[in-house]
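Student: All you need for this note's numbering is the position in the sequence shown, starting with 1, plus 1130. Glycine residues also receive a C-beta, built at the ideal position from the N, C-alpha and C atoms. Have a look at this one before I ask anything.
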Amino acid sequence: MNRSERTSLQIRRMTYAALYLAIAQVLPFVTGQIPEIGSALCPMHIPVLLCGFLCGWTWGLGVGFLAPLMRSVLFGMPALFPGAVSMAFELAVYGGLAGYLRTRLPRNLGGTYAVLVISMVAGRLVWGAVRLILAGLSGSEFTWRLFLAGAVLNAVPGIILHLVLIPILVVAMERAGLSLNRT
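In structure tokens:
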């Protein structure tokens, strides 16, 4: 690949990443119209995971880290501390790991699910670790029960949505030639 092609690829990745970041800002407004499960659908996770899968680990990590912090500053949700701060690390792991593993595992449906599940589990573990650290710094408490509620029980609708939707979107977008994650 010559210099011009590399530059073009980087510009396309940056453009896609900006689009995913914008979607991460807007999508919670759509799901928020369903108060009972809106936040449990984890809407910001979707564009972050797609960014990692389709643009690569560096762009997925960056979009994942910025999305909740930016949304907190612009719209006040999630609350900056500890919500957006811990989500920034969680989503950075989602996007970064999804992009990294996509280049290391088979690009078939099984590989897509493996990347997705590993990224989601790792991100939730990082979220819990950051919440524990932030609780210690602020003098509050973060128990095993709070971790399970926040990382698993309250997120079941989002977990199901991601397991159904993300593989479909990734496969469709890759077939359409929209993946820029080549190494």
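How would you label Ser1138, buried or exposed, when you count the other beta carbons within 10 angstroms and need 16 or more for buried?
Tutor: Here residue 1138 corresponds to residue number 8 of the sequence shown, with the count starting at 1. Exposed, since its Cβ has fewer than 16 Cβ neighbours within 10 Å.
Student: With DSSP collapsed to three states, give me the class of Met1315.
Tutor: Any property of residue 1315 remains undetermined from this structure, which presents the chain solely from 1131 to 1313.
Student: Decide if the segment 1179-1196 is in contact with the segment 1226-1236; the criterion is three or more beta carbon pairs, one per stretch, under 8 angstroms apart.
Tutor: Contact between the segment 1179-1196 and the segment 1226-1236 is present, because at least three Cβ pairs lie under 8 angstroms.
Student: Among Ala1222, Ile1289, Gly1258, Trp1187, whose alpha-carbon lies nearest the alpha-carbon of Arg1275?
Tutor: Counting from 1 along the sequence shown, the entry for residue 1275 is found at position 145. Nearest option by C-alpha distance: Gly1258.
Student: Let's see if you can read the secondary structure: which residues bound the alpha helix (DSSP H) around Gln1155?
Tutor: Position 25 of the sequence shown, counted from the start, is the residue given in the question as residue 1155. Segment 1133-1161, the alpha helix (DSSP H) holding Gln1155.
Student: Going residue by residue through the segment 1205-1268, where are the continuous beta strand (DSSP E) segments of at least 3 residues, counting only ones entirely within it?
Tutor: Complete beta strand (DSSP E) runs here, min 3: none at all.
Student: With burial defined as no fewer than 16 other Cβ atoms inside 10 Å of the residue's Cβ, what is the status of Met1122: buried or exposed?
Tutor: Residue 1122 cannot be examined here, being either before or after the span of the chain that is shown, 1131 to 1313.
Student: From this set, Leu1264, Leu1221, Pro1297, which residue's C-alpha is nearest Gly1241's C-alpha?
Tutor: In the sequence shown, residue 1241 corresponds to position 111, counting from 1. Considering only alpha carbons, the answer is Pro1297.
Student: For a quick check, are the C-beta atoms of Arg1261 and Pro1212 less than 7 angstroms apart?
Tutor: Locating residue 1261 in the sequence shown gives position 131, counting from the first residue. Locating residue 1212 in the sequence shown gives position 82, counting from the first residue. In contact: Arg1261 and Pro1212 (Cβ atoms closer than 7 angstroms).
Student: For Ser1202, which residues in the same chain have their Cβ closer than 8 angstroms to its Cβ, ignoring the five residues on either side in sequence?
Tutor: Position 72 of the sequence shown, counted from the start, is the residue given in the question as residue 1202. Contacts found: Pro1208, Ala1209, Leu1210, Gly1213, Ala1214.
Student: Quick one: Cα of Leu1231 to Cα of Ala1222, how far?
Tutor: Your numbering for residue 1231 matches position 101 in the sequence shown. Your numbering for residue 1222 matches position 92 in the sequence shown. Going by the C-alpha atoms only, they are around 14 angstroms apart.
Student: Compare the C-alpha of Leu1179 against each of Tyr1243, Ser1169, Phe1277 and name the closest.
Tutor: Indexing the sequence shown from 1 puts residue 1179 at position 49. When only C-alpha atoms are compared, the closest one is Tyr1243.
Student: Do Tyr1146 and Cys1185 have their C-beta atoms within less than 7 angstroms of each other?
Tutor: As a first step, residue 1146 must be located in the sequence shown, where it is residue number 16. As a first step, residue 1185 must be located in the sequence shown, where it is residue number 55. Taking 7 angstroms as the Cβ cut-off, Tyr1146 and Cys1185 qualify as a contacting pair.
Student: For Ala1285, which residues of its own chain have a beta-carbon under 7 angstroms away from its beta-carbon, when the five flanking residues on both sides are left out?
Tutor: Mapped onto the sequence shown, residue 1285 falls at position 155. Once the five neighbours on either side are set aside, the close Cβ partners of Ala1285 are Ala1170, Cys1172.
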